[in-house]
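Undergrad: My structure is below; once you've seen it, I'll send some questions.
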Amino acid sequence: MTETAQTISDRIHQMLDDLTRAERQLALSVLENYPASGLGPLAMLARDAEVSVPTVARMVQKLGYKGYPEFQAGLREELKARGKTPIAKHDTWAEAAPSGHILNRFTEAVIDNIRLTLGQIDPASFDQACALIADEAHHLYIVGGRITHTLAEYLFLHMQVIRPDVTHVQSTSNTWPHYLLNAKEGDVFVIFDVRRYENNTLKLAELAHARGARIILMTDQWRSPVHQLATVCLSNRIVVPSAWDSATTIMLLLETMISAVQTLNWSQTKARIEELEDMFDQTKLFRKFT
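In this text, residue positions in the sequence shown follow UniProt numbering: the first is 1, and each later residue adds one.
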């Protein structure tokens, strides 16, 4: 299995509507603790999902596998891909790199990521995430990690303009208790967590969830462990011919989300923008050519 291939989770989501009741129950059980749920014996998976062993065998075949061992091998490959370091990712691409120029190869990979991501995102879930972010009755917290803090800052900067009561939670865990102290039931946390998932991010999500906060997770195709706590999980394809993963697809979703939230809150947002522009004029922050 290559990193750009569909994950088993992708396949399950795509075929949910075509499964029998028992198979759907099994599929949801697999997704609940994915991918660990499928790594044990077949009988254990059937027992945990409260379905029969033949039901497991049938669904595995519907997913395109000859049997349960092949299905498990696919899960193990995904686990290996999750934990790859930058050097390992670079070597994977370098070994099978086509002869085309990097500009073309990289662009093709990004376009493929966008196409696959948009093909699997549920519009209703995306709309739900936008509505939660736009809800001014609850405080909005935005959290990034070691690399994704730049994406968090980008979203935070725009949300500061669009709505009040927005906090950018810094990515150092020793400051988190100060932020969480003010978190209330119903507040919203937008959390960014991509592969090489950070233990601190999971701990913050657990603490926020325990306080009754709702979590919107921006993650990759393998899904951060935070997804088990998330109200909405938006998975993005991130693989490109590089030692580093790509943030292009996540940025596309963010900019679309910013546009959607701005529209939902336009009357308030317009007034805030006008007030902000007046401040810019007073401070002469920007040059004017007229």
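The C-beta atom is built at its ideal place from N, Cα and C for all residues, glycine as well. Keep in mind it's a predicted model, so treat the numbers as computed, not measured.
(1) Around the Cβ of I111, are there at least 16 other Cβ atoms within 10 angstroms (buried) or fewer (exposed)?
(2) Can you say whether F286 is buried or exposed, counting buried as having 16 or more other CB atoms within 10 angstroms of its CB?
(3) Exposed or buried, G40, counting other C-beta atoms within 10 Å across all chains shown (16 or more means buried)?
(4) Do you know offhand how far H13's Cα is from L116's?
(5) Are there 16 or more other CB atoms within 10 angstroms of the CB of N104, so buried, or fewer, so exposed?
(6) What number of angstroms, rounded off, separates the C-alpha of G38 from the C-alpha of T167?
(7) Hey, how far is the Cα of I87 from the Cα of E32?
(8) What are the boundary residues of the beta strand (DSSP E) that includes D165?
(9) In whole angstroms, what separates the C-alpha of residue 303 from that of K66?
(10) Less than 8 Å between the beta carbons of I191 and D220, yes or no?
(11) Starting from I216, follow its DSSP beta bridges and name the residues at the other end.
(12) How would you write the range of the alpha helix (DSSP H) that I12 sits in, first residue to last?
(13) What residues are listed by DSSP as bridge partners for Y141?
(14) Measure from the alpha carbon of Q120 to the alpha carbon of each residue in V188, D10, D135 and N265, then state which is nearest.
(15) Please classify F71: does DSSP put it in a helix, a strand, or coil?
(16) Just to confirm my understanding: we take V240, look at its own chain, exclude 5 residues before and 5 after, and list those with CB closer than 7 Å. What are they?
(17) Within a Cβ cutoff of 7 Å, which residues of the same chain sit near L45, ignoring the five residues on either side of it in sequence?
(18) Mark E275 as exposed unless 16 or more other C-beta atoms lie within 10 angstroms of its C-beta, in which case mark it buried.
(19) Decide if I162 is buried, meaning its Cβ has at least 16 other Cβ atoms within 10 Å, or exposed.
(20) Taking only the alpha-carbon atoms, compute the straight-line gap between T269 and Q262 and give it to the nearest angstrom.
(21) Using C-beta distances below 6 Å, list every residue in its chain close to G212, excluding the 5 sequence neighbours before and after it, in chain order.
(22) By the 10 Å Cβ neighbour count, where 16 or more other Cβ atoms means buried, how is W222 classified, buried or exposed?
(23) Tell me which same chain residues have a C-beta within less than 7 Å of the C-beta of L207, skipping the five on either side of it?
(24) Checking 8 Å against the spacing of the C-beta atoms, do A49 and Q72 come in under that value?
TA: Walking through what the data contain:
(1) exposed
(2) exposed
(3) exposed
(4) 13 Å
(5) exposed
(6) 38 Å
(7) Reliability of the predicted coordinates at I87 is poor, the pLDDT of 48 falling under 50, and the value obtained from them is presented with this limitation in mind. So the two alpha carbons sit approximately 31 Å from each other.
(8) Note, D165: premise wrong, no beta strand (DSSP E); not H, not E.
(9) The structure shown does not extend to residue 303, since the chain is modelled only from 1 through 290, so no value can be given for it.
(10) no
(11) V190 and V232
(12) I8 to M15
(13) T167 and F189
(14) D10
(15) helix
(16) F106, A109, V110 and S246
(17) S37, G38 and V56
(18) exposed
(19) buried
(20) 7 Å
(21) E185
(22) buried
(23) L180
(24) no
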